[in-house]
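Here the structure comes first, spelled out in structure tokens, and everything after it is commentary.
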Amino acid sequence: MCGIAGIVHLERDQPSSSSELSAMGRALRHRGPDDTGQRVDSGGGLLNTRLSIIDMATGHQPISNESAKTHVVCNGEIYNHRDLRRELKQAGHQFSTHSDTEVLVHLYEEHGDGMLEHLNGMFAFAIHDQVAHRWLLARDRLGIKPLFYAQHEGRLLFGSEIKAILAADVIPIEVDEEALELYLSLRYVPSPWTMFKGIRRLPPGHALSIDAREGQVREWAWWEPWRCPRSGGSVDADTAADEVRELLSDSVRMRLMSDVPFGAFLSGGLDSSGVVALMAQHMDEPVQTFSIGFSEEARVDERAHARAVSEHCGTMHREVDCTAERVELLPQLLHHFDEPFADPIIVPTHQVSALAREHVKVVLTGEGADELFGGYTRYVRDRSIARLGMAPGFLRSFLAAAAHQIAPGHSVSRALSMSLQSAPERALSWVTAFEADEYAALRPGASLSAARRLYEQMASEAPVGNDLETLMFCEQRSRLPECMLTRTDRMSMAVSLEGRTPFLDHRLVEYVMWLPHRLKVDGGEEKVVLKKALAPLLPASTTQRKKQGLAVPFAQWTRHGVEQSIRRVLSPEHVASRGLFQPGAVAGLLDHWGAHASRQSQQVWSLLCLELWFRQYIDGSGQQLAPGTPLSEVV
Numbered sequence: 005m006c007g008i009a010g011i012v013h014l015e016r017d018q019p020s021s022s023s024e025l026s027a028m029g030r031a032l033r034h035r036g037p038d039d040t041g042q043r044v045d046s047g048g049g050l051l052n053t054r055l056s057i058i059d060m061a062t063g064h065q066p067i068s069n070e071s072a073k074t075h076v077v078c079n080g081e082i083y084n085h086r087d088l089r090r091e092l093k094q095a096g097h098q099f100s101t102h103s104d105t106e107v108l109v110h111l112y113e114e115h116g117d118g119m120l121e122h123l124n125g126m127f128a129f130a131i132h133d134q135v136a137h138r139w140l141l142a143r144d145r146l147g148i149k150p151l152f153y154a155q156h157e158g159r160l161l162f163g164s165e166i167k168a169i170l171a172a173d174v175i176p177i178e179v180d181e182e183a184l185e186l187y188l189s190l191r192y193v194p195s196p197w198t199m200f201k202g203i204r205r206l207p208p209g210h211a212l213s214i215d216a217r218e219g220q221v222r223e224w225a226w227w228e229p230w231r232c233p234r235s236g237g238s239v240d241a242d243t244a245a246d247e248v249r250e251l252l253s254d255s256v257r258m259r260l261m262s263d264v265p266f267g268a269f270l271s272g273g274l275d276s277s278g279v280v281a282l283m284a285q286h287m288d289e290p291v292q293t294f295s296i297g298f299s300e301e302a303r304v305d306e307r308a309h310a311r312a313v314s315e316h317c318g319t320m321h322r323e324v325d326c327t328a329e330r331v332e333l334l335p336q337l338l339h340h341f342d343e344p345f346a347d348p349i350i351v352p353t354h355q356v357s358a359l360a361r362e363h364v365k366v367v368l369t370g371e372g373a374d375e376l377f378g379g380y381t382r383y384v385r386d387r388s389i390a391r392l393g394m395a396p397g398f399l400r401s402f403l404a405a406a407a408h409q410i411a412p413g414h415s416v417s418r419a420l421s422m423s424l425q426s427a428p429e430r431a432l433s434w435v436t437a438f439e440a441d442e443y444a445a446l447r448p449g450a451s452l453s454a455a456r457r458l459y460e461q462m463a464s465e466a467p468v469g470n471d472l473e474t475l476m477f478c479e480q481r482s483r484l485p486e487c488m489l490t491r492t493d494r495m496s497m498a499v500s501l502e503g504r505t506p507f508l509d510h511r512l513v514e515y516v517m518w519l520p521h522r523l524k525v526d527g528g529e530e531k532v533v534l535k536k537a538l539a540p541l542l543p544a545s546t547t548q549r550k551k552q553g554l555a556v557p558f559a560q561w562t563r564h565g566v567e568q569s570i571r572r573v574l575s576p577e578h579v580a581s582r583g584l585f586q587p588g589a590v591a592g593l594l595d596h597w598g599a600h601a602s603r604q605s606q607q608v609w610s611l612l613c614l615e616l617w618f619r620q621y622i623d624g625s626g627q628q629l630a631p632g633t634p635l636s637e638v639v
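Numbering of the sequence shown is given in our numbering, commencing with residue 5 and proceeding in unit increments.
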């Protein structure tokens with residue numbers, strides 16, 4: 005795991021990029037505190053900040069080929085590097101290190117841009133071919149590792165985080181209005197947008213091919229899940245469960261590749277428990293596991309379940325308690341995202357990452373299983389709502405209008421309204437922070453059309469036509485990489501910890517994608533085939549327990565002083581000064597939130613994170629909020 009950055013000269017006679025590259029490296033130091041390397045020539049420069057995981061002695065980056073004419077920097081891990089190294093040696097390539105990154109430069113020599121389809125891993129990398137005056141930048145299939153870029157005055161700058169590009173101090177800072185609209189709908193900014201106009205997020209499974217001689221830049225998709233080969237014939241539940249277990253087991257085995265201590269996050273739920281059980285099978289020593297809980301709210305505290313799994317698997321278990329005081333770190337945590345990011349789970353994720361980093365450098369996690377196997381309650385509910393859609397439209401419209409008048413915002417009212425929507429509209433409604441009428445009250449004259457267009461586009465690309473698969477596909481394409489995986493990447497890298505995701509091995513993803521939806525969600529049961537696959541490894545109390553999921557005790561936190569901080573930051577005076585929202589609408593939301601702290605808490609948190617981002621990144625010199633400022637001291 006590392007941070008990478010670089011500057012590509014798209015025009016001749018560009019000044020040296022050395023000083024700007026050094027500044028970019030300093031901005032990424034937290035991602036790689038063990039080593040820093042850079043290389044600058046007339047074509048631009050490459051930089052790497054390294055967290056040493058494999059080949060700690062000779063894995064310094066950038067790494068070059070035998071002729072020292074092709075160079076690479078990489079953030080991530082190539083899990084099949086040993087097999088690739090053996091094949092490349094047989095083809096005559098000579099290696100100078102044992103690093104997994106070195107296979108990239110030789111694989112490029114052998115296959116050019118076609119190298120990408122040979123990789124199994126999580127990665128964002130950049131290759132500079134000095135002879136051909138070409139560059140190749142790529143992001144892994146599922147978007148586990150991030151990559152951003154911007155073109156400005158004859159140069160292209162790129163980095164693992166936006167702050168690296170900003171550190172070069174050449175890109176004008178301006179808010180992207182479409183990204184702002186998308187954030188207020190989704191609570192994160194999806195690819196290819198960022199909150200900074202002119203800075204793009206390379207989408208998952210995409211690459212940049214750059215012809216520096218001609219100044220041409222082409223972004224293209226090198227992996228698209230709907231083009232993956234379909235599994236042949238029908239498959240029964242037992243066969244599918246066996247195949248899922250074998251694929252997941254091999255994925256875990258590959259992700260145990262490391263020259264440093266590693267462990268796992270363990271919530272006690274099905275996904276992380278399955279990963280830990282498979283780790284225990286592949287390891288000679290006890291797995292080190294790490295959990296977080298909430299003593300202030302027993303309803304969302306899963307530590308007892310984690311302890312039960314730990315005992316079953318014989319792990320060395322540690323846990324930590326997350327209390328309201330941790331919210332004081334919010335400005336610091338948001339600084340690691342470089343954009344507003346309205347997911348309060350970043351608070352416990354950062355804390356459990358810090359605990360793990362005291363003992364290991366690498367953790368395996370359960371991310372991706374819910375999106376892949378149908379693990380969210382909304383997947384079951386959406387099927388029920390879709391069945392409502394079979395009733396006559398006039399009847400649904402009448403009932404929806406009546407329910408909205410009697411109990412606006414109630415689950416029954418919302419379900420009836422959603423029954424009038426198309427599959428992509430429902431997919432968006434399940435995750436949106438603000439409905440259209442709520443957003444219109446906040447920003448008169450504005451709309452949420454950008455998010456609708458995004459979801460309609462994703463739904464049109466879904467490989468299977470039924471509504472459930474469309475909903476799951478939309479979440480795999482956007483919410484999974486740009487919310488869930490981004491959250492883990494930034495909060496683990498904030499403490500220099502590497503996270504690995506066995507459920508997102510592309511072989512497993514491609515197999516499960518074409519399984520019948522009845523093996524994912526059947527009636528009221530979620531993750532049907534995954535439960536069956538993991539049943540031989542875990543106690544029934546774990547495989548059959550109703551999904552709880554990581555949640556924060558927001559209502560409890562507000563009673564410990566957080567509410568006062570939020571009301572101060574979002575005061576009518578501050579809202580009016582910002583000029584984005586109607587002060588009266590925000591004040592009304594805060595008042596309503598006090599009585600109904602569920603859906604409204606998402607909206608309040610979204611506005612809070614947005615305001616803190618403006619103060620850190622957009623407000624003029626001398627007015628900017630220092631990242632380390634405690635929330636209670638933000639005025």
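Glycine included, every Cβ here is placed at the ideal spot set by N, Cα and C.
- Excluding five sequence positions before and after Pro194, the CB atoms of its chain that fall closer than 7 angstroms to its own CB belong to Leu186, Leu458, Ser482, Glu486, given in chain order.
- In terms of Cβ geometry, Gly209 and Glu228 form a close pair [threshold 8 angstroms].
- Beta-bridge analysis with DSSP links Glu529 to Asp526.
- Around the C-beta of Val366, 16 or more other C-beta atoms lie within 10 Å, and the residue is accordingly described as buried.
- Leu475 is positioned such that its CB atom lies no closer than 8 angstroms to that of Arg522.
- In the same chain as Gly379, and ignoring 5 residues on each side of it, the C-beta atoms closer than 7 angstroms to its own belong to Ala373, Glu530, Lys531, Lys551, in chain order.
- Shown here for Val566: same chain residues with a beta carbon closer than 8 angstroms to its own, the five before and five after excluded, namely Ala328, Val331, Leu635 in chain order.
- With 16 or more other Cβ atoms from the protein chains shown falling within 10 Å of its own Cβ, Val109 counts as buried.
- Taking a contact as a CB-CB distance under 8 angstroms, the pair Glu106 and Ile131 does not count as one, their CB atoms being some 12 angstroms apart.
- Under the three-state reduction of DSSP output, Cys326 falls in the coil class, being neither helix nor strand.
- Ile389 is bridged by DSSP to nothing; it lacks a bridge partner.
- Beta-bridge pairing by DSSP links Asp215 to Arg138, Gln220.
- Distance from the CA atom of Pro335 to the CA atom of Pro448, rounded to whole angstroms, is 29 angstroms.
- The C-beta distance from Phe585 to Leu446 rounds to 5 angstroms, short enough to meet the 8 angstroms contact threshold.
- Along the length of the stretch 233-269, whole beta strand (DSSP E) runs at least 3 residues long occupy 266-269, reported in chain order.
- In its chain, beyond the 5 residues on either side, Gly158, Arg159, Gly219 have a beta carbon closer than 8 angstroms to the beta carbon of Glu15.
- Looking at His34, Asn52, Arg33, Gly48, the one whose alpha-carbon comes closest to that of Gln42 is Asn52.
- No Cβ-Cβ contact shorter than 8 angstroms links Met287 with Leu251.
- Sequence-distant partners of Asp325 (beyond 5 residues in either direction) whose C-beta falls short of 8 angstroms from its own C-beta, in its chain, are Ile296, Gly297, Phe298, Ser299.
- Boundaries of the beta strand (DSSP E) harbouring Gln292: 292-297, taken from the DSSP string.
- Shown here, Arg16 sits in coil according to DSSP, grouped into three states, outside any helix or strand.
- In this structure Leu541 is in contact with Leu282, their Cβ atoms being roughly 7 angstroms apart against a cut-off of 8 angstroms.
- In the DSSP assignment, Gln42 is bridged to Leu51.
- Thr243 counts as exposed, since fewer than 16 other beta carbons sit within 10 angstroms of its beta carbon.
- Take Met497, set aside five residues on each side of it, and the residues of its chain with a beta-carbon closer than 6 angstroms to its own are Arg35, in chain order.
- Leu151 sits close to Phe162, with the two beta carbons spaced by under 8 angstroms.
- The alpha-carbon of Pro352 is positioned some 18 angstroms away from that of Tyr192.
- Collapsing the DSSP output to three states places Pro543 in coil.
- Comparing alpha carbon positions, the residue from Ala437, Thr198, Thr492 closest to Trp609 is Ala437.
- Met488 places its beta carbon 8 angstroms or farther from that of Ile350.
- In the structure shown, Arg89 falls within a helical segment according to DSSP collapsed to helix, strand and coil.
- In the DSSP annotation of this structure, the continuous segment of the alpha helix (DSSP H) that includes Gly29 starts and ends at 22-31.
- Closest option to Tyr621, judged by alpha-carbon separation, among His339, Leu184, Leu612: His339.
- Listed in chain order, the non-local C-beta contacts of Arg249 below 6 angstroms within the same chain comprise Ala537, local neighbours out to five positions each way being set aside.
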